[in-house]
Structures are given as C-alpha cells and as structure tokens.
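Have a look at the structure below, then the notes.
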Amino acid sequence: MPLEDAVRRTSLRSWSSVRLTPRGIGFLVAAGVLLVAAPALSLPALLSVSAMLLGLVVMAAVFVVAGQSKVAIERTFSPEVVSPGAMTTATVRVSNLSVLPALEARWVDTVPNGLSAEASGVLPALGGSRTRRSQVRFRYSVQGLRRGRHAIGPLRVEVVDPFGLVLRRHSFGGAQDLVVLPRRHTLWPLAPHGADHDGASRAAPQNAGIGEDDVVARSYMPGDALKRMHWKATAHRGELMVRQEEQQVNPRAGLVLETRAGSHATGRDGGDWVYSPELEWAVSATASVLGHLVRVGYAVAVRATGSAVDRVLDDGDVLDDALVDLAVLEPSTAPTLDGIDPGERTVFAVLGRPDTDRAAEWVDALSHATTVLALVGAGTRDAALDVLSAAGWRYVTYTAQDDVAELWSDLGVSRSRAAS
C-alpha cells in the first residue's frame, strides 16, 4: 500500500541518520568483550553488565529518533534582495509539531557559495505542540558576495542523547532564495564623440543629455558660461568640462548585453555553469550603465540575448526589477539576436569577446542605431574589431580586472578605427 510504503521509507530514513559517538562505540565494544569474557571467566554477572551497556545504546538511539521527529521550519529574509557586500537578516522559526518534547540540538543552516554567514548555534529544547514553548525563533546575518539567486537551507540539526552515546544528523525544511544584485559603479558623464583636446567639437549625438548630471559632457571652450561648468566631470577628467548644449526633453537610449557562453569564456561543468569573471564584469557594467542612465532621466530599453532581460525603463521605480533580472541572468548556449534591437538611435552594448561572424550579426542587428558605444572583451580578434569599426561603432576593450568607471570615461573619447 502507498501509505504503508511511505511510513516504511520515513522510518528507514530516521534510523539511517543515527550514528554512534566514540563513547557509544566504546560501550558496544565493552558489551561485546564482557559477553565473551563472562563464560570464559565463569562470571555470569558480566552478562548483566553487557546487557546493560547494550541496552543503554539502544535506548539512546530510540531517544534521539523520537525526540525530533516532527519539526517545521520557516525562514525569511529582511531585506530579500541585497547588493554585494550588504547584509540581510535571516530569521528562522522552528516549530515542534509533535505532542512530545523535542530535544536540545545543534543547528547549522546550509549557506551556499556566494554568501557569507555564521549560520550555526544551539537549538533549545522545545515543548510539545500544545505548549507555549513549542516554538523558537533565532536570527543571523548574511552577507551577499556574488550576484545571483542563492538558496539557503535546509536546516541541518544534530541531536545527541544525554549520555553522549548516539547522535542523529538530519535536515528540516526546504530552501529559501536570497537574491544578490550585480555590483554597480558610479559613472561620470561621457565626453561626446568628436570632442578634441583643444576644445573643438563636432555635433553631439541627438540623444546627448539632460539635467544637472547629464550623460554627456564636453571640454570647455572660450565663451562658455561659468554656470554651465560640470564640476564632477572636471574633477574626474582633470580638465574643464561643461554640460552638453543639445538637450532632449525625453532622452532615450538602448542597452544590450551579450550572454553567449562562448563570448565570456564559460561552459557547463556537471550541469552547472562555470564561474566566469568576464561575464560578471559584463553584467556589472550593464547594471552600472543602466543605473546611470535611469538616474539622469533617460528612458532605457534594456535587453539581453536569450531573453533573460527585456524591459523598458522610463522611471526609476522599475530599476530594481531590471537589476533582479540581471542578478539571476545565466549564460546561454547559442542565443540568436532576433528581437535584440531596442529600436533606439543611441545604443550601449556590452559584448564580451565576439568572433567575426558574431560581430557581423551584432552590426546587422543594431543597424537601426545611429550611435553605438560598445564595451568589448580584451582578446577579441582584430577581424571582429574591424567589423565593428567599419560600421562606425565606438568601442573600448576591457578585462575582468578593469575599473568599469574608468572604461566608461574612456568610451566617451574613443574612436572607431574607421573614424580615426
């Protein structure tokens, strides 16, 4: 019968989790020695001692199996989404569902790589389910280290009998997800394409910028009003910078991210994706550019290959949703570029290391754009870079060790090979 089979499996799992402690092993060895020695020495009393030792071990095993049989776990996080390096509080509530008391135990919560926590302690004895002492709640801090959706749990419990003869290790409850967002960097306004060191400047892109902290800044020219000085950009670049003249009431931009595994030096190992510093850098750069554009008032269409991310952000309220999308993004095997074009005239692209064919696919996919500024992985073959240059793209190359903010500034004064 299904019910009988389920009961049998539960019973087998309970007993299979029981282990003897060194003391318990000693008791069993002593019991065996006395059992052999009793007839050899003609001392029947040793049989009673042997039976007593054996009985203590058996009773200890029954004690630990019955003492923690029905326990429910509820785990929550506050907040449920954190930035890298930030802390959240995990609250675990343990409830005894049995009418019998539950024993004192050691607990350890299962914390995966990507998080850091001191998740262990002593679980006090609990009263039966009908008593006020049937529940206990404890908290511990968790630090986010690496972006992603991380499953914490189950709760592992180790129960030892009062004589220290037998222990039982078993797990309760499932796992709850904690999301760690991509790392973001503060970005500075870009100098427009065509701005030379002598201050001369050609026309800026139509989507040039807005407001106090505009996306685009240019070098100072004689006659520029002092009130138009951009002091943050001046301090960062080491030369006088002013806010770009051309402005839009509702500026727009596109942002695209390549997720193809081959472009980020990663692959599967036993079903899981191998950690790729190059991909993490690309995701961090995408999150940084996205946050910057939204902060200064841009409406941003952000997309990633493989349909991992596809959103249009026209206010800051939905930025967190897009960052969560980026947090849980994984590489894709062979994503097409169908539908990747955000339909904007200015597009920012983070491409990893495309081969020549992939570079041509990107150029074709974003042919609608009049200005494309790209971050391309170091080690990309010259032939692929030539394809981007021939299409008029502006790009800089990066490694996983590069500073995102510095490369962003370099992008503002970059030249495609065709234009240089």
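If you read the sequence shown in this note's numbering, its first letter stands for residue 1128, the second for the next number, and so on.
A virtual CB, placed ideally from N, CA and C, is assigned to each residue, including glycine.
In this structure, the straight-line span from the alpha carbon of Pro-1251 to that of Val-1160 is close to 37 Å.
Between Leu-1227 and Ala-1193 a beta carbon distance of about 7 Å is seen, short of the 8 Å cut, so the two are scored as contacting. Considered as a whole, the stretch 1380-1437 harbours 1404-1422 as its complete alpha helix (DSSP H) runs of no fewer than 4 residues, in chain order. In the DSSP assignment, Ala-1187 falls within the alpha helix (DSSP H) that extends over 1172-1193. Going by beta carbons, Val-1235 and Leu-1292 fall outside the 9 Å limit. Around the Cβ of Asp-1509, a 10 Å sphere holds fewer than 16 other Cβ atoms; the residue is exposed. Bridge pairing for Glu-1201: Arg-1220 [DSSP].
Put simply, the backbone Cα of Ser-1403 is about 7 Å away from that of Ala-1392. Of the residues assessed, Ile-1152 falls on the exposed side of the cut-off, its CB having fewer than 16 other CB atoms within 10 angstroms. Counting along the chain, the unbroken beta strand (DSSP E) around Trp-1234 starts and ends at 1232-1236.
Secondary structure at Leu-1282: strand, using DSSP grouped into helix, strand and coil. In the structure shown, His-1312 adopts coil according to DSSP, grouped into three states. Here Arg-1150 carries a helix assignment [DSSP, helix/strand/coil]. Taking a cut-off of 8 Å on C-beta distances, the stretch 1261-1280 touches the stretch 1237-1252, as three or more cross pairs fall below it. When DSSP states are grouped into helix, strand and coil, Thr-1361 belongs to the helix group.
With a 10 Å radius around the Cβ and a threshold of 16 neighbouring Cβ atoms, Gly-1301 comes out exposed.
By the Cβ rule, the stretch 1301-1311 counts as touching the stretch 1412-1420, because three or more pairs are nearer than 8 Å. Between Asp-1288 and Ala-1244, the alpha-carbon positions lie close to 28 Å from each other. Secondary structure note for Val-1269: it is in no alpha helix (DSSP H), and the uninterrupted beta strand (DSSP E) holding it is 1262-1271. Put simply, the backbone Cα of Pro-1458 is about 18 Å away from that of Asn-1240. Note that the stretch 1466-1478 touches the stretch 1379-1393; at least 3 beta-carbon pairs, one per stretch, sit closer than 8 Å.
For Gly-1248, the enclosing beta strand (DSSP E) stretches over residues 1247-1250. Relative to the Cα of Trp-1315, the nearest Cα in the group Glu-1405, Leu-1272, Ala-1360 belongs to Ala-1360. Here Ala-1232 really is in contact with Val-1286; their C-beta atoms are around 4 Å apart, less than 8 Å. For Leu-1230 and Arg-1220, the gap between their C-alpha atoms comes out near 16 Å. Each of Asp-1482, Gly-1433, Leu-1294, Ser-1222 was checked against the Cα of Leu-1147, and the nearest Cα belongs to Leu-1294. The bridge partners DSSP lists for Ser-1298 are Arg-1283. Going by beta carbons, Arg-1438 and Asp-1452 fall inside the 9 Å limit. Of Arg-1276, Val-1238, Ala-1492, Asn-1223, the smallest CA-CA separation from Ser-1261 is found for Asn-1223. Under the 10 Å beta carbon count, Gly-1479 is surrounded by 16 or more other beta carbons and is classified as buried.
Beta-bridge annotation (DSSP): Gly-1504 is paired with Tyr-1525. The C-alpha of Glu-1201 is placed about 15 Å away from the C-alpha of Val-1284.
The Cβ atoms of Tyr-1522 and Leu-1500 lie closer than 9 Å to each other. Boundaries of the beta strand (DSSP E) harbouring Thr-1473: 1473-1479, taken from the DSSP string.
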